[in-house]
Ligand code: KG4
Ligand code: ZN
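In my numbering, the protein residues as written are 553 to 885.
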């Protein structure tokens, strides 16, 4: 079964062809990094305009690289939400137009479910049940997946998403956008123990996350000690990254142990971070947990993950009608 995936929820325009929900025939991602970099963050109006300009060539490229024609496809999957409404609409409109022209089955995919399905594009996909930590620019959430296509929200951020915190602190440090990769690069030269950032403790023991305390502490520190030397910027980057990683790893592993779930999935843009990947791997090994982490390129936004999730939904008999609409606040449940 060949599924074309289309993703345009934020600032990447992406298309991919995936066979049997497991094998990637092509995955094309057109990043808008250069469009938004001068503004230090994603400008929604510019994002949707750029999606409009590149989405048709991106889809054509994905088909050409996969060596398939529209007639060789068995279905079309598109990100329906959550995300920026103008951006989502571009992908949804093209997916509907293609479904109408070809008569192919169409399915709408939740972007967060897409991130989780990136784990099924690895050589050793997870078995159910598992706990999935989805850490991206817009979301930080821990889901329990007891069975295929079923999700239960276990915990989430009470303020910023982890990626958002990376982006904001990178901006404070003058490291540019997107912040995550910039902090990771800068942190390599820094000391992770240089600054003791506060880690929020939930009084109710909930497996929720909070990054605003770390972010505010970073902001105060930068203001108090400005201008920072290159060495100080590296130390703050390394210490900030270590604090975020510690919070993510601690809460995730604790939730898994408490629930008796033996398998973990780590995914979403922030899961491209090597320090996070290594720390969770070490902790999982210590606790005897099985960890599944997609390659960094499949952790950040892409359409192969959307095609994979769409394939599972199409195989389960799900079909969207041509009045499928973008849903910016779509929740995963
Ligand atoms: O999943 P994603 O590509 O888009 C959303 O769905 O939001 O995640 C983007 C987020 C951004 O905040 C970016 O700074 C962060 O992921 N990110 C990273 C790294 N690569 C991307 N954060 C930390 N370390 C990285 N290497
Ligand atoms: Zn994402």
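By construction, the Cβ of each residue, glycine as well, lies at the ideal position given by its N, Cα and C atoms.
Using only alpha-carbon positions, find the residue among 616, 653, 819 and 759 that is nearest to residue 709. Mapped onto the chain shown, residue 709 falls at position 157. Nearest option by C-alpha distance: 759.
Would you mind reading off the limits of the alpha helix (DSSP H) that contains residue 837? Mapped onto the chain shown, residue 837 falls at position 285. It spans 826-839 - the alpha helix (DSSP H) in which residue 837 sits, taken as one unbroken run.
Measure the alpha-carbon distance for residue 839 versus residue 624 and round it to whole angstroms. Stepping through the chain shown from its first residue, residue 839 is reached at position 287. Stepping through the chain shown from its first residue, residue 624 is reached at position 72. If I take the Cα positions, the gap works out to 45 Å.
CA nearest to the CA of residue 702, picked from 665, 553, 853 and 798: Position 150 of the chain shown, counted from the first residue, corresponds to residue 702. Considering only alpha carbons, the answer is 665.
Residue 655, buried or exposed, once every other Cβ within 10 Å from all chains shown has been counted against 16: As a first step, residue 655 is located in the chain shown; it is residue number 103 there, counting from the start. Residue 655 is exposed by the Cβ-count criterion.
Tell me, to the nearest whole angstrom, how far the beta carbon of residue 856 is from that of residue 560; I am working on the premise that it is less than 8 Å. To locate residue 856, count along the chain shown from 1; it is residue 304. To locate residue 560, count along the chain shown from 1; it is residue 8. Between residue 560 and residue 856 the Cβ distance is about 14 Å, and since that is not below 8 Å, they are no contact.
Could you check the C-alpha separation between residue 615 and residue 697 for me, to the nearest Å? For the purposes of this step, residue 615 is identified with residue 63 of the chain shown, where counting begins at 1. For the purposes of this step, residue 697 is identified with residue 145 of the chain shown, where counting begins at 1. Spanning the two alpha carbons is a distance of roughly 32 Å.
On the CB-based measure, 16 or more other CB atoms within 10 Å of its CB, does residue 720 come out buried or exposed? As a first step, residue 720 must be located in the chain shown, where it is residue number 168. When all chains shown are included, residue 720 counts as buried.
Rounded to a whole number of angstroms, what is the C-alpha to C-alpha distance between residue 864 and residue 807? The count along the chain shown starts at 1 and reaches residue 864 at position 312. The count along the chain shown starts at 1 and reaches residue 807 at position 255. Taking the straight line joining both Cα atoms gives about 27 Å.
Helix, strand or coil for residue 704 per DSSP? The residue labelled residue 704 in the question sits at position 152 within the chain shown. In the structure shown, residue 704 sits in a strand (DSSP, three-state: E or B).
Pick out whichever of 682, 829, 577 and 770 has its Cα sitting closest to the Cα of residue 791. For the purposes of this step, residue 791 is taken as the residue at position 239 of the chain shown. The shortest Cα separation from residue 791 among 682, 829, 577 and 770 belongs to 770.
Cβ-Cβ distance between residue 659 and residue 871 below 8 Å: Here residue 659 refers to the residue found at position 107 when the chain shown is read from its first residue. Here residue 871 refers to the residue found at position 319 when the chain shown is read from its first residue. A contact, by the Cβ cut-off of 8 Å.
Please return the same chain residues whose Cβ sits closer than 7 Å to the Cβ of residue 575, not counting the five positions on each side in sequence. One-based indexing of the chain shown puts residue 575 at position 23. So the list is empty, once near-sequence residues are dropped.
Report whether the distance from the Cβ of residue 718 to the nearest heavy atom of ligand 1 is below 7 Å. Here residue 718 is taken as the residue at index 166 of the chain shown, counted from 1. Because some heavy atom of ligand 1 lies under 7 Å away, the Cβ of residue 718 counts as near it: yes.
From the DSSP output, in three-state form, read off residue 783 for me. Residue numbering aside, residue 783 sits at position 231 when the chain shown is read from its first letter. Residue state, collapsed to three classes: helix.
Report the residue from 648, 563 and 694 whose alpha carbon sits nearest the alpha carbon of residue 596. Along the chain shown, one-based indexing puts residue 596 at 44. It is 563.
Under a criterion of Cβ closer than 5 Å to any non-hydrogen atom of ligand 2, which residues qualify, in chain order? 688 and 853
To the nearest angstrom, report how far apart residue 817 and residue 714 are at their CA atoms. The residue labelled residue 817 in the question sits at position 265 within the chain shown. The residue labelled residue 714 in the question sits at position 162 within the chain shown. Distance between the alpha carbons of residue 817 and residue 714: 16 Å.
When you measure from the CB of residue 736 to every non-hydrogen atom of ligand 1, does any distance come out below 7 Å? In the chain shown, the residue the question calls residue 736 occupies position 184. At least one heavy atom of ligand 1 is nearer than 7 Å to the Cβ of residue 736, so yes.
Top-ranked residue by Cα proximity to residue 711, from 768, 642 and 831: In the chain shown, the residue the question calls residue 711 occupies position 159. Residue 711 has its Cα closest to that of 768, out of 768, 642 and 831.
Report the three-state DSSP secondary structure of residue 804 (helix, strand or coil). Mapped onto the chain shown, residue 804 falls at position 252. Note: residue 804 maps to helix in three-state DSSP.
Check whether the segment 794-812 touches the segment 825-834, taking contact to mean three or more Cβ pairs, one atom from each stretch, closer than 8 Å. yes
Leaving out the 5 sequence neighbours to the left and right, which residues in its chain are closer than 8 Å to residue 621 when beta-carbon positions are compared? Taking the chain shown and counting its residues from 1, one reaches residue 621 at position 69. 615.
Proximity to residue 757 [Cα-Cα], best of 707, 629 and 737: Working through the chain shown from its first residue, we reach residue 757 at position 205. Checking every option, the nearest Cα to that of residue 757 belongs to 707.
Report, in whole angstroms, the separation of the C-beta atoms of residue 844 and residue 810, which I expect to be a contact under 8 Å. Translated into the one-based positions of the chain shown, residue 844 becomes position 292. Translated into the one-based positions of the chain shown, residue 810 becomes position 258. Not confirmed; about 20 Å, so no contact.
With a CB to CB cut of under 7 Å and the five nearest residues on each side skipped, what residues in its chain are close to residue 592? As a working mapping, residue 592 is identified with position 40 in the chain shown. Closer than 7 Å at the Cβ level, and outside the excluded window around residue 592, lie 723 and 729.
For a test of your reading of the model: does the CB of residue 642 fall under 7 Å from any non-hydrogen atom of ligand 1? Yes or no. Residue 642 sits at position 90 when you count from the first residue of the chain shown. Answer for residue 642: no, Cβ out of range of ligand 1.
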